[in-house]
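Q:
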Amino acid sequence: MALDTWLAFFLASWIISLSPGAGAIASMSSGLQYGFLRGYWNAIGLQLGLAMQIAVVAFGLGAILATSSTAFYAIKWFGVAYLMYLAIKQWRALPMDMTDDAAVRPIGKPIAMMFRGFLVNASNPKALVFMLAVLPQFVNPQAPLLSQYLIIGATMISVDMVVMAGYTGLASKVLRLLRTPKQQKRMNRTFAGLFVGAAGFLASLHRATA
Numbered sequence: 766m767a768l769d770t771w772l773a774f775f776l777a778s779w780i781i782s783l784s785p786g787a788g789a790i791a792s793m794s795s796g797l798q799y800g801f802l803r804g805y806w807n808a809i810g811l812q813l814g815l816a817m818q819i820a821v822v823a824f825g826l827g828a829i830l831a832t833s834s835t836a837f838y839a840i841k842w843f844g845v846a847y848l849m850y851l852a853i854k855q856w857r858a859l860p861m862d863m864t865d866d867a868a869v870r871p872i873g874k875p876i877a878m879m880f881r882g883f884l885v886n887a888s889n890p891k892a893l894v895f896m897l898a899v900l901p902q903f904v905n906p907q908a909p910l911l912s913q914y915l916i917i918g919a920t921m922i923s924v925d926m927v928v929m930a931g932y933t934g935l936a937s938k939v940l941r942l943l944r945t946p947k948q949q950k951r952m953n954r955t956f957a958g959l960f961v962g963a964a965g966f967l968a969s970l971h972r973a974t975a
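Take 766 as the starting number for the sequence shown in the working numbering and just add one per residue.
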C-alpha cells in the first residue's frame with residue numbers, strides 16, 4: 766500500500782472511530798460500571814467484531830449482505846434486539862457503594878464482556894455495508910490483496926482501540942464522582958436511553974438499493 770493511500774486511510778479511521786455510535790456507548794457503559802481495566806475487555810470484543818467485518822469484506826462476502834435484504838434485515842433486527850437488551854440491563858443496574866474510595870466495583874467476566882462487545886459490532890449490517898463501499902477505495906487491485914487488507918485491518922483496529930480506550934477511561938473517571946445512589950441511577954438510565962437511541966437508529970436503517 767502506497768504511503769499516501771495509507772495516510773488517507775489512517776485519517777479516515779480516526780474519523781470513523783470518533784463518530785459516536787453503539788460501540789462508543791458500550792465502551793462508556795463498561796467503563797462506568799467496571800472501571801477502565803475491566804471495562805476495556807468490552808473494547809477488545811468490539812475489535813474482534815470489527816476484525817470479522819473487515820474479513821467478511823476482504824473475502825467478498827459483504828457483497829452478499831449488500832444485495833440480500835433477508836440477510837441484511839435479519840442481522841439488523843438482531844442488533845436492535847441486543848441493544849434493547851443492553852438498555853434494559855443498564856436501566857436495572859443497581860447503584861454501587863461509593864462512600865469509600867476502596868469500594869469494590871463489580872467484577873465483569875472478561876469473556877462475557879468481550880462477547881458483548883463483539884455482538885455490538887457484529888450485529889450492525891450497515892457498518893459492514895459501509896466498509897464494503899469504503900475499504901475497496903483504498904485497495905490497489907493490481908497488488909496482493911491479503912497484505913493490503915491486513916494493513917487496513919491493523920490500522921483500523923489500532924485506531925479504534927485507542928479511541929475506545931479514551932471512551933472507557935473517561936467514563937471510569939466519571940464513576941469516581943458518582944457518590945450517591947441517586948446520581949448513579951441517573952447515569953445508568955442515561956446510558957440506557959443512549960442504548961435505546963442506538964437501537965432506534967439501527968432500526969431506522971434500510972438497505973441501499975440501486
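C-beta atoms are modelled at their ideal positions from N, C-alpha and C, and glycine is treated no differently.
Does the segment 906–924 come close enough to the segment 843–853 that 3 or more CB-CB pairs lie under 8 Å?
A: Output reads no: the segment 906–924 does not touch the segment 843–853.
Q: So, at 6 Å on beta carbons, what are the nonlocal neighbours of Gly814 in its own chain, with the 5 sequence-adjacent residues on each side left out?
A: The answer, listed in chain order, is Phe883, Asn886 and Ala887.
Q: Identify, in the order they occur along the chain, each residue of the same chain with its Cβ nearer than 7 Å to the Cβ of Leu959, setting aside the five sequence neighbours on each side.
A: Excluding positions up to five away in sequence, the list reads Ile790.
Q: Please classify Asn889: is it buried, with 16 or more other beta-carbons within 10 angstroms of its beta-carbon, or exposed?
A: So Asn889 ends up on the buried side.
Q: Between the Cα of Ala930 and those of Leu811, Ala898, Ser834 and Trp856, spot the shortest distance and give me the residue it belongs to.
A: Nearest C-alpha to Ala930: Leu811.
Q: Which class does Thr864 belong to by DSSP, given the choice of helix, strand or coil?
A: Low local confidence applies: a pLDDT of 49 at Thr864 is under 50, so the model's placement there is unreliable, and no value is given.
Q: Please report the residue range of the alpha helix (DSSP H) in which Met766 lies.
A: Run containing Met766: none; DSSP gives neither H nor E here.
Q: When you compare only the Cα positions, how much space is there between Val904 and Leu910?
A: Taking the straight line from one Cα to the other gives about 7 Å.
Q: Per DSSP, what kind of secondary structure is Gln798 in: helix, strand or coil?
A: In the structure shown, Gln798 sits in a helix (DSSP, three-state: H, G or I).
Q: Tell me the rounded alpha-carbon separation between Val939 and Ala892.
A: Those two C-alpha atoms are separated by around 29 Å.
Q: Enumerate in chain order the residues of its own chain whose CB-to-CB distance from Tyr932 is below 6 Å, with the five nearest sequence positions on each side excluded.
A: Cβ neighbours of Tyr932 beyond the five flanking positions: Ala789, Ser792 and Met793.
Q: Determine the extent of the alpha helix (DSSP H) in which Gln949 is found, giving its start and end residues.
A: Start and end: Pro946 to Ser969.
Q: Check this for me: beta carbons of Met896 and Arg803, under 9 Å apart or not?
A: Not in contact: Met896 and Arg803 (Cβ atoms no closer than 9 Å).
Q: If I measure Cβ to Cβ from Ala963 and keep anything under 8 Å in the same chain, skipping five residues before and after, which residues do I get?
A: Gly786, Ala787, Ile790 and Leu848.
Q: For Ile819, count neighbouring C-beta atoms within 10 Å of its own C-beta (all shown protein chains included) and say buried if the count is 16 or more, exposed if not.
A: Buried: at least 16 other Cβ atoms inside 10 Å.
Q: Which residues in the same chain as Tyr805 place their Cβ atom closer than 7 Å to its Cβ, once the five residues preceding and following it in sequence are excluded?
A: Cβ neighbours of Tyr805 beyond the five flanking positions: Ala930 and Thr933.
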